[in-house]
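What follows is a set of notes on a single structure, which appears directly below.
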Amino acid sequence: GNSVTQMEGPVTLSEEAFLTINCTYTATGYPSLFWYVQYPGEGLQLLLKATKADDKGSNKGFEATYRKETTSFHLEKGSVQVSDSAVYFCALDGTGYSTLTFGKGTMLLVSP
Amino acid sequence: KAGVTQTPRYLIKTRGQQVTLSCSPISGHRSVSWYQQTPGQGLQFLFEYFSETQRNKGNFPGRFSGRQFSNSRSEMNVSTLELGDSALYLCASNTQEREQYFGPGTRLTVT
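Line by line, the protein sequences give chains R and Y. If you count by our numbering, then the first sequence holds residues 19 to 130, one letter each, in order. If you count by our numbering, then the second sequence holds residues -1 to 109, one letter each, in order.
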């Protein structure tokens, strides 16, 4: 079946540091890939997506490239802010109608 | 455009009771998905509805059920509650491009 593996957290960074959160996946076919962010006490927000190999999704300074050869979709940001502190989820949509398979989530903590 | 609305936001129930949660999707969206979020299991898919029909179901016992109305609003029901059903239940409103927009969730506590 489909699965998503994310790096364990928490990831602790200082403001303006470079961020990478690793995500790899196992799936049949050609899934779409997503990053979601969850702030404390809230639901998930769609951060970015990519629907085919070599697509780059980007939003609010975050980027991720769909790498079919390495089955990866790593999230990056050049300069993090305190307000980026949240839990980040990598997900894929491939098995059925609007059925997301999520990774376990990676908590990011950014200090001033 | 209004976002996804879930009611109630918080709920406390006793083991053995049943509960109904409600979700109103974004206007114009006809597909709704439900997920359970727990610290141990993470985010798990429950079911998905499109135009009042369940198209997909996750690996949950029959105590978990749902439905969708003609106005696309959806409800999920959990009968004979167990302590392990304590979770954040998230509803997502889905576009034709299969993007999912989540509501704030309903926090269910079973005592």
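Glycine is no exception: its CB is placed at the ideal position from the N, C-alpha and C atoms.
Scanning Y:Leu19, Y:Asp83, Y:Tyr87, Y:Gln94 for the CA closest to the CA of Arg71 of chain Y turns up Y:Leu19. The beta carbon of Val29 of chain R lies closer than 8 Å to those of Leu37, Ile39, Thr124, Met125, Leu126, Leu127 in the same chain, with the five residues before and after it left out. Per DSSP, the beta-bridge partners of Asn54 of chain Y are Y:Glu46.
For Leu79 of chain Y, no beta strand (DSSP E) encloses it, and the DSSP letter there is neither H nor E.
With a contact defined as Cβ atoms closer than 8 Å, Gly56 of chain Y and Gln42 of chain Y qualify at about 6 Å. If you check each beta-carbon in the region 104 to 125 of chain R against every beta-carbon of chain Y, the ones closer than 9 Å belong to Phe107, Ala109, Asp111, Thr113, Gly114, Tyr115, Ser116, Thr117, Leu118, Thr119, Phe120, Gly121, Lys122, Gly123.
Contacts with chain Y at 7 Å (Cβ-Cβ) include Gly61 of chain R.
Looking only at Y:Gln66, Y:Asn75, Y:Gln52, the smallest Cα-Cα distance to Thr117 of chain R is reached by Y:Gln52. Closer than 7 Å to the CB of Arg96 of chain Y there is at least one CB belonging to chain R.
One Cα belongs to Leu93 of chain R, the other to Ala82 of chain R, and the distance between them is close to 5 Å. Its Cα nearest to that of Gln35 of chain Y, the residue Y:Leu44 stands out among Y:Ser29, Y:Leu44, Y:Asn69. Nearest neighbour of Phe120 of chain R by Cα position, chosen from R:Gly75, R:Leu62, R:Ala71, R:Thr88, turns out to be R:Leu62.
Cα atoms of Gly103 of chain Y and Asn75 of chain Y: separation of roughly 14 Å, rounded to the nearest angstrom. The CB of Lys67 of chain R comes closer than 7 Å to the CB of Glu97 in chain Y, given here in chain order.
For Ser63 of chain Y, the three-state secondary structure derived from DSSP is strand. For Phe52 of chain R, the enclosing beta strand (DSSP E) stretches over residues 50 to 56.
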